[in-house]
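Residue numbers (this note's numbering), protein chains in the order written: chain A, 98 to 562; chain B, 12 to 308. Okay, so here's the structure we're looking at.
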Amino acid sequence: MKNRISRRNFLKAAGVLTAAAGLSACGSASSAQSTAASQAASTASSAASAAGEPVKISFMGWGTDDEIAAYKAMIAQFEKAYPTVTVDYIVVADNEFDTKLQTMIGAGECPDVFYCSIDKMMKYAATGNLYDLSDYVANNAIFDPDNVWTCLNDLYRFDGANQGKGDIYALPKDVSVFPIFYNVDLFKAAGITAPTEDAPWDWNDFLDAAKKLTSGDGDSKVYGTGAYSLESAVWSNGAEWVDAETLSKVEITDPAFTEALQWCADLHLVHGVAPSPDESTALSDYDRFKQGKLGMVGAGTWSLGDFTQNCKFEWDVMNWPVSPNTKKSEIWFGSAGLAVSATTKAAEAACNLAAYLAFNEDSQRTAYQMGQAIPMLKDMAYGEYSDSTNPPASKKVLFDILENNARLATQSRTFNQEWFAEFNSNTASVFDGEMTAVDYCASIKDTVQQLLDESIEQKAEYTGK
Amino acid sequence: MKKGNKLMRREGIAGLLFVTPQIVYFLLFFLLPLCICIYAAFTNWNILSVRHTLVGLRNFDKLFADPKFWKALKNTLYMLTPIPFYLLFALAFAYCCHKKILAEKAFRVVYYLPFISSIVSLVLIWKWLFNAQYGLVNNFLALFGIQGPNWLGDPVWTRRMIVLMISWKMIGIISIYYIAALKNVPISYYEAAQLDGASSWQQFRDITLPILTPTTFYLLVTGMIGSLQTFLEVQLFTPDGGRGYGVGTIVFYIWQKAFESSQMGYACACAGVFGLFIMLLTILQLTVSRKWVYEGE
Numbered sequence: 098m099k100n101r102i103s104r105r106n107f108l109k110a111a112g113v114l115t116a117a118a119g120l121s122a123c124g125s126a127s128s129a130q131s132t133a134a135s136q137a138a139s140t141a142s143s144a145a146s147a148a149g150e151p152v153k154i155s156f157m158g159w160g161t162d163d164e165i166a167a168y169k170a171m172i173a174q175f176e177k178a179y180p181t182v183t184v185d186y187i188v189v190a191d192n193e194f195d196t197k198l199q200t201m202i203g204a205g206e207c208p209d210v211f212y213c214s215i216d217k218m219m220k221y222a223a224t225g226n227l228y229d230l231s232d233y234v235a236n237n238a239i240f241d242p243d244n245v246w247t248c249l250n251d252l253y254r255f256d257g258a259n260q261g262k263g264d265i266y267a268l269p270k271d272v273s274v275f276p277i278f279y280n281v282d283l284f285k286a287a288g289i290t291a292p293t294e295d296a297p298w299d300w301n302d303f304l305d306a307a308k309k310l311t312s313g314d315g316d317s318k319v320y321g322t323g324a325y326s327l328e329s330a331v332w333s334n335g336a337e338w339v340d341a342e343t344l345s346k347v348e349i350t351d352p353a354f355t356e357a358l359q360w361c362a363d364l365h366l367v368h369g370v371a372p373s374p375d376e377s378t379a380l381s382d383y384d385r386f387k388q389g390k391l392g393m394v395g396a397g398t399w400s401l402g403d404f405t406q407n408c409k410f411e412w413d414v415m416n417w418p419v420s421p422n423t424k425k426s427e428i429w430f431g432s433a434g435l436a437v438s439a440t441t442k443a444a445e446a447a448c449n450l451a452a453y454l455a456f457n458e459d460s461q462r463t464a465y466q467m468g469q470a471i472p473m474l475k476d477m478a479y480g481e482y483s484d485s486t487n488p489p490a491s492k493k494v495l496f497d498i499l500e501n502n503a504r505l506a507t508q509s510r511t512f513n514q515e516w517f518a519e520f521n522s523n524t525a526s527v528f529d530g531e532m533t534a535v536d537y538c539a540s541i542k543d544t545v546q547q548l549l550d551e552s553i554e555q556k557a558e559y560t561g562k
Numbered sequence: 012m013k014k015g016n017k018l019m020r021r022e023g024i025a026g027l028l029f030v031t032p033q034i035v036y037f038l039l040f041f042l043l044p045l046c047i048c049i050y051a052a053f054t055n056w057n058i059l060s061v062r063h064t065l066v067g068l069r070n071f072d073k074l075f076a077d078p079k080f081w082k083a084l085k086n087t088l089y090m091l092t093p094i095p096f097y098l099l100f101a102l103a104f105a106y107c108c109h110k111k112i113l114a115e116k117a118f119r120v121v122y123y124l125p126f127i128s129s130i131v132s133l134v135l136i137w138k139w140l141f142n143a144q145y146g147l148v149n150n151f152l153a154l155f156g157i158q159g160p161n162w163l164g165d166p167v168w169t170r171r172m173i174v175l176m177i178s179w180k181m182i183g184i185i186s187i188y189y190i191a192a193l194k195n196v197p198i199s200y201y202e203a204a205q206l207d208g209a210s211s212w213q214q215f216r217d218i219t220l221p222i223l224t225p226t227t228f229y230l231l232v233t234g235m236i237g238s239l240q241t242f243l244e245v246q247l248f249t250p251d252g253g254r255g256y257g258v259g260t261i262v263f264y265i266w267q268k269a270f271e272s273s274q275m276g277y278a279c280a281c282a283g284v285f286g287l288f289i290m291l292l293t294i295l296q297l298t299v300s301r302k303w304v305y306e307g308e
């Protein structure tokens, strides 16, 4: 009890300090509740960064190991081109991405640049979380609209009511085509000639080819085709999930729609040329194709790298068959965007990063060389990419699809996708043969319509329109 | 007298300061979010912006009218079914350890391993084990001529598989509780019973089991609360809740509504309702417990 601090007093002081620290942490956490900071403020601070102060920005995305490696390479190139900027690259698994992003937004810590899928763009834009890139695009010659695939232009525009017009909220990070990949060796063995642009297939030609390709039993079974893209079947047949003008009426009970759905299911049920849903759960059509046990499979150009490395047979791509009723063929295309956060404190640097990753020639080149994607820049696609020796041999098919047959998936044009998820929740019953397409669509139409109505209501709530 | 009061007061203040960090933690990370959640349940908050409007009881109307919610509730209650089984199995195992019938240490490691393993790795392995065509489980059943079901594709069997996984995981930790509890049974009781000529089984039934009832009660309550919150297994095995939502549990439903549909206010309402439900179940268990739990001397 002399001058030295007694144990009791020491512990008292420690307790007070901890409490004070806890309360101050509380204070800083609650102040991070802001929404869209005014863009003027962030531009002012980024003007300071443009003047040469070192700036740190965060970039969040998902991807396979190859994609992550490709992006690390591109970020390194960016940091060399912009020496005052350091990029903190955060990788998140794709199934956790939305959760993590929304939590970060809620905490006021949205990453400066992040992947934004087209499905979610409207939601994020309407809630003021995306930086309006229109001025940046207007003032910077980052891309020539004529040199970019038409389907990508206007993709990430939103005017507060509809997707496709208005301000730009994201830059396309890539474009993915979804052709049919086919096993050239199996085709040659069965004596099948692939379709060409002048001599396309229709559904009957496709079915004949699939029948010729199906052979064997048990472990050596080879199937002619994997599951057929429902989008291709429905749209090519002139049908729609939802009416194209107003996006408010569900049309899944139209005869053209149910005919398309039933045709897809009959590939397995009636003709036996596709695996059953159970077999596809056990071994996916994609993996079966890679093993050489499936003749034709719909897959995206994001798989080019995987097929190049892992397929021990020659493969190529072909366009989707036309419907015999309409002679049309349509298929969806994919794209993810790069968005800038509305609350970024380094808008200039963040926009530069987004533009660099999106359109820079070197980054495009790296992406196609690694088999990640095909170039978004048309001159590069028709030029050096076409001349390159990596597969597929028929690269022109990919360009044809993009120019002539690709359209945005219907569910990406509605404010949320719950109606689509509901439709898909039990299509397995049609593919199993438990219900006919007509019965299934009739049974589910009301619920899907209700969810679509709720999506429209939700948009009205968010946008006030 | 004065000196005594001063001492007591100083000790009181010291004690208060000791618990202050814990109280602050509780307030910040439990009470505050709870209040926000209750408030949000009456709004249409979407986590993407702070802007929200009060909508009264609309969220509650919606959730009681949603057939998916009731399906999820049914699936969640199904997750309670393994509790009696794994309690029994864990008790048997703990008893064998206690009586040194088994190679205790080796088995304890083997049984505890699933509990401390990462769920993601476990699910990955189980997905292959239970693969309908190529999995070890179905190939093993085929040896006996049994056609294995489609574990991952048929929601009925996916539910059973998840229940199996929960039981398998919990046996380890539950046995540890029971082993500890068994060690606490006073040996004098057994000695007295032996003197009176009681058989092993009678000793187990009339001494061990009743003395274990507080532990069993605790494990029942926490097991129930834990099982009702099954989420990760569902999300990892079936990204959409299974065909016809046959596997989705309530917490999975809440997560979907909160993060996939961005309806945070609605999700808070669901969470509140479900929290109340769990609380009611627990209170029920507490009241019934007076009838069968041994209170001690």
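Even for Gly, the Cβ is constructed at its ideal location relative to N, Cα and C.
Check: So which residues of chain A does B/PHE270 contact, with C-beta pairs closer than 7 Å?
Finding: ASP195, THR196 and GLN199
Check: Under the three-state reduction of DSSP, which class applies to B/THR54: helix, strand or coil?
Finding: Reduced to three states, the DSSP call for B/THR54 is strand.
Notebook entry, point to check: Could you give the C-beta distance for B/SER273 and B/LEU59, rounded to a whole number, given that I count them as a contact under 8 Å?
Noted result: 6 Å
Next item on the list: Check each candidate in A/THR524, A/GLN174, A/TYR179 and A/VAL188 and name the one with the smallest Cα separation from A/GLU164.
Entry: A/VAL188
Next item on the list: Please name the residue or residues paired with A/TYR279 in a DSSP beta bridge.
Entry: A/MET393 and A/ASP413
Check: A/GLY203 CB to nearest chain B CB: under 9 Å?
Finding: yes
Next item on the list: Let me know if B/CYS108 comes out buried or exposed under the rule of 16 or more other beta-carbons within 10 Å of its beta-carbon.
Entry: Buried, by the Cβ-count rule.
Next item on the list: Could I get the ranges of all uninterrupted alpha helix (DSSP H) runs contained in the segment 440 to 474 of chain A, with 4 residues as the minimum, in chain order?
Entry: 444 to 456 and 458 to 466
Item checked: A/LYS387 versus A/ALA267 - alpha carbon distance -> The straight-line gap separating the alpha-carbon atoms of A/LYS387 and A/ALA267 is approximately 34 Å.
Next item on the list: Compare the C-beta of B/TRP137 against all C-beta atoms of chain A and say whether one is closer than 9 Å.
Entry: False, the Cβ-Cβ gap to chain A never drops below 9 Å.
Note to self: Which same chain residues end up closer than 8 Å to B/ILE265 when comparing Cβ atoms and leaving out the 5 residues on each side of it in sequence?
What the structure shows: ALA278, CYS281, ALA282 and PHE285
Notebook entry, point to check: Going by the CB atoms, is the gap between A/ALA439 and A/ASP195 shorter than 9 Å?
Noted result: no
Check: Under the three-state reduction of DSSP, which class applies to A/ILE202: helix, strand or coil?
Finding: Reduced to three states, the DSSP call for A/ILE202 is helix.
Notebook entry, point to check: Checking contacts by CB at 9 Å: is A/SER125 closer than that to chain B?
Noted result: With a pLDDT of only 37 at A/SER125, under the threshold of 50, the placement of this residue in the model should not be trusted; the figure read from the coordinates follows. Chain B places no beta carbon closer than 9 Å to that of A/SER125, leaving this residue out of the contacts.
Note to self: Using 8 Å for Cβ pairs, my map puts A/SER420 next to A/TRP300. What's the rounded Cβ distance?
What the structure shows: 6 Å
Notebook entry, point to check: Which bits of chain B does A/THR224 rub up against, with CB to CB less than 7 Å?
Noted result: ASN57, LEU59 and SER60
Notebook entry, point to check: Alpha carbon to alpha carbon, how far is B/TYR200 from B/ILE218?
Noted result: 7 Å
Notebook entry, point to check: Buried or exposed: where does A/LYS492 fall if 16 or more other Cβ atoms within 10 Å of its Cβ makes it buried?
Noted result: buried
Margin query: Against chain A, which members of the segment 247 to 275 of chain B pass a CB distance test of less than 7 Å?
Written below: Residues passing the 7 Å Cβ filter: PRO250, ASP251, ARG254, GLY255, TYR256, PHE270, GLU271, SER272 and SER273.
Margin query: For the pair the segment 345 to 363 of chain A and the segment 326 to 337 of chain A, tell me if three or more CB-CB distances fall below 8 Å.
Written below: yes
Notebook entry, point to check: Any C-beta of chain B sitting closer than 9 Å to the C-beta of A/GLN546?
Noted result: Not an interface residue.
Check: Is the Cβ of A/ALA525 closer than 9 Å to any Cβ of chain B?
Finding: Yes, contact with chain B.
Notebook entry, point to check: Is there a Cβ from chain B that is less than 9 Å from the Cβ of A/THR378?
Noted result: Contact with chain B is found for A/THR378, since one of that chain's Cβ atoms lies less than 9 Å from the residue's Cβ.
Notebook entry, point to check: With 16 as the cutoff for other CB atoms within 10 Å, does A/PRO276 come out buried or exposed?
Noted result: buried
Check: Excluding sequence positions up to five away, which residues of its chain have a Cβ less than 6 Å from the Cβ of A/GLY68?
Finding: Because chain A in this structure spans residues 98 to 562, residue 68 of chain A falls outside the shown range and cannot be described.
Notebook entry, point to check: Residue ranges of each alpha helix (DSSP H) run of no fewer than 4 residues wholly in the segment 253 to 337 of chain A, ordered along the chain?
Noted result: If we require 4 residues or more, the alpha helix (DSSP H) runs fully inside the segment 253 to 337 of chain A come out as 281 to 287, 300 to 310 and 327 to 333.
Check: Can you check whether the CB of B/PHE270 is closer than 9 Å to the CB of A/THR200?
Finding: yes
Checklist line | Per-residue contacts from B/ASN142 into chain A (C-beta, under 7 Å) | finding: ALA379
Notebook entry, point to check: Exposed or buried, A/GLU564, counting other C-beta atoms within 10 Å across all chains shown (16 or more means buried)?
Noted result: With chain A covering 98 to 562 only, the question about residue 564 of chain A has no answer from this structure.
Checklist line | Within 7 Å of chain B by C-beta, residues of the segment 503 to 533 of chain A in sequence order | finding: ASN513, GLU515, ALA518, SER522, ASN523 and ALA525
Check: From which residue to which residue does the alpha helix (DSSP H) around A/MET157 run?
Finding: From DSSP, A/MET157 is part of no alpha helix (DSSP H) but of the beta strand (DSSP E) over 152 to 158.
Margin query: Let me confirm a value: A/THR511 is counted as buried when at least 16 other C-beta atoms fall within 10 Å, else exposed. Which label applies?
Written below: buried
Note to self: If you measure between the beta carbons of B/LEU98 and B/THR227, is that distance less than 9 Å?
What the structure shows: yes
Check: Can you check whether the CB of A/VAL370 is closer than 9 Å to the CB of A/GLY321?
Finding: yes
Margin query: Is it buried or exposed, B/LEU297, if we count other Cβ atoms within 10 angstroms and call 16 or more buried?
Written below: exposed
Notebook entry, point to check: Looking at chain A, which residues of the segment 142 to 164 of chain B have a Cβ within less than 7 Å of any of its Cβ atoms?
Noted result: ASN142, ALA143, GLN144, TYR145, ASN161, LEU163 and GLY164
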